[in-house]
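Below: the structure, in structure tokens.
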Amino acid sequence: MTPTYNKVHNRFKFNGLHFNHEELKEVAYSLIKEGEKYEKITGDFLIDWLNKEDFLIVTTSGSTGYPKKVKLKKQAMVNSAIATGNFFGLEPGDKALHCLPSHFIAGKMMFVRALVLGLEIDFVEPTVQPAFDYEKSYDFCAMIPLQLKHTINYIQNIKTIIVGGSKVTQPLIEKIKDCIPKFYETYGMTETVTHVALRQLKSKSGDKDMYFKALQDINFEQDDRNCLVINAPKLVKEALITNDIVDLKSTTSFKLLGRFDNVVNSGGVKLFPEQIEDKLQSVIKQRFILAGEEDASLGEKLILIIEKPQDSMDSINDKLNQLKDLTKFEIPKKIYTIDQFAETVNGKIQRTKTIKRVLEN
1 MTPTYNKVHN RFKFNGLHFN HEELKEVAYS LIKEGEKYEK ITGDFLIDWL NKEDFLIVTT
61 SGSTGYPKKV KLKKQAMVNS AIATGNFFGL EPGDKALHCL PSHFIAGKMM FVRALVLGLE
121 IDFVEPTVQP AFDYEKSYDF CAMIPLQLKH TINYIQNIKT IIVGGSKVTQ PLIEKIKDCI
181 PKFYETYGMT ETVTHVALRQ LKSKSGDKDM YFKALQDINF EQDDRNCLVI NAPKLVKEAL
241 ITNDIVDLKS TTSFKLLGRF DNVVNSGGVK LFPEQIEDKL QSVIKQRFIL AGEEDASLGE
301 KLILIIEKPQ DSMDSINDKL NQLKDLTKFE IPKKIYTIDQ FAETVNGKIQ RTKTIKRVLE
361 N
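FYI, in our numbering the residues of the sequence shown are 1 to 361.
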């Protein structure tokens, strides 16, 4: 029998204590009244989850546009939790570390997974470097890349870590290789109730996978732009058309190439900024993005935008020209600098705003 949103699993624990439905309401009220800011936000979510409505209003991160309100069915969130539990083999009584903010869907879903699957969840302040019991063994945790970067030396007792919310950079991927946990990069969005696909990253516990693999009851297609179309009837009623260009290996696996909005057509050659950015991460230590700028002869030329570079432009150009895996089309034709990238409230780079700001100055 499929669990429902109005039931709390009898194995659920919150910071070491068991609570039923009514007791958890009291906890939520206490968090709202007496908790720190991050706890008040969590209390608000729990009150909304435990009420009689069958839906939640969730705010998107705004990384690909302005933040917007999305109405999600609570049963869809339950279905997502079950799919994640099945993918990772999570069992009642397994221990989960929760260090994400409850503003957005990823943080909300950590609680939903615990409530539905009967996990024992430890909730800590969602800082850049979360403080938790480094000696305690955990079965499951979700982090953003910045958190993983700052806690990489303290995660040896976590069995599985999913990483999402922003790009997992190449330097971080290199560090992961020497770590014990299994790491999975997530693919999803608020509208799909967090991730619908995952790909394993290389660590001491497993080899990397180039392709994202679908969770149960989810399959993929491509539209005429080669963009991913998500069919997830247990999460969202209609097929969801994305702007993500993919290499579709099968109906349940794909390789992410880049955003349709970001593709640069330079002299008839299609360039995917996200793919080229991976190649540049070994030589540029500051945050940067690639984009297209109108050009009389090429139509568009590839440009590089760096946030507060420490090296001179000549030094950066020399490093780019020495990269052996860059084709001549992938070498930026111009370099711009900026003091501060435009960001969402949770720190994601807003590419469109940043590019517009640079090119208009």
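Cβ coordinates follow ideal geometry from the N, Cα and C atoms, glycine included.
| Check | Outcome |
| --- | --- |
| Of the residues Ala28, His150, Leu115, Pro101, which one's Cα is nearest the Cα of tyrosine 5? | Leu115 |
| Give the DSSP-derived three-state secondary structure of aspartate 44 in the structure shown. | helix |
| Could you check which residue in Gly85, Ser297, Cys227, Gln275 has the C-alpha nearest to that of glycine 267? | Ser297 |
| Are the CB atoms of alanine 76 and leucine 50 nearer to each other than 9 Å? | no |
| Determine which residues share a DSSP beta bridge with serine 166 and list them. | Looking at the DSSP assignment, serine 166 forms no beta bridge with any residue, so it has no partner. |
| Between the Cα of valine 70 and the Cα atoms of Leu17, Asp207, Asp339, Leu235, which residue gives the shortest distance? | Leu235 |
| Under the three-state reduction of DSSP, which class applies to leucine 304: helix, strand or coil? | strand |
| Are leucine 248 and valine 283 touching if we call contact CB-CB under 9 Å? | no |
| Helix or strand or just coil, what does DSSP make of lysine 279? | helix |
| My understanding is that threonine 337 touches isoleucine 306, with C-beta atoms under 8 Å, so please give their C-beta distance in whole angstroms. | 5 Å |
| Tell me which same chain residues have a C-beta within less than 6 Å of the C-beta of isoleucine 218, skipping the five on either side of it? | Val196, Ala232 |
| Between threonine 127 and phenylalanine 212, what straight-line distance do the alpha-carbon atoms span, to the nearest angstrom? | 28 Å |
| Do you know whose CA, among His18, Gln129, Lys279, lies nearest phenylalanine 288's CA? | Lys279 |
| In this structure, does DSSP put glutamate 343 in helix, strand or coil? | strand |
| Using beta carbons (cut-off 9 Å, strictly below), is isoleucine 331 in contact with chain B? | The displayed structure is made up of one protein chain only, and chain B is not part of it. |
| Decide if glycine 299 is buried, meaning its Cβ has at least 16 other Cβ atoms within 10 Å, or exposed. | exposed |
| Within the same chain, show all residues whose beta-carbon is closer than 8 Å to that of histidine 98, passing over the 5 residues directly before and after it, in chain order. | Gly107, Met110, Phe111, Ala114, Ile121, Asp122, Phe123, Val124, Cys141, Ala142 |
| On the criterion of 16 or more Cβ atoms from any shown chain inside 10 Å, does histidine 369 qualify as buried, or is it exposed? | Beyond the ends of the chain as shown, which are 1 and 361, falls residue 369; an answer cannot be given. |
| Ordered along the chain, which non-local residues of its own chain (more than five positions away) have a Cβ less than 8 Å from that of isoleucine 47? | Lys25, Ala28, Tyr29, Ile32 |
| Who are leucine 17's beta bridge partners in DSSP? | Phe14 |
| Using the C-alpha atoms, what's the distance from isoleucine 176 back to leucine 17? | 33 Å |
| When you compare only the Cα positions, how much space is there between aspartate 295 and valine 264? | 11 Å |
| What number of angstroms, rounded off, separates the C-alpha of glycine 85 from the C-alpha of threonine 42? | 22 Å |
| Is the segment 252–261 close to the segment 318–334, with three or more CB pairs under 8 Å? | no |
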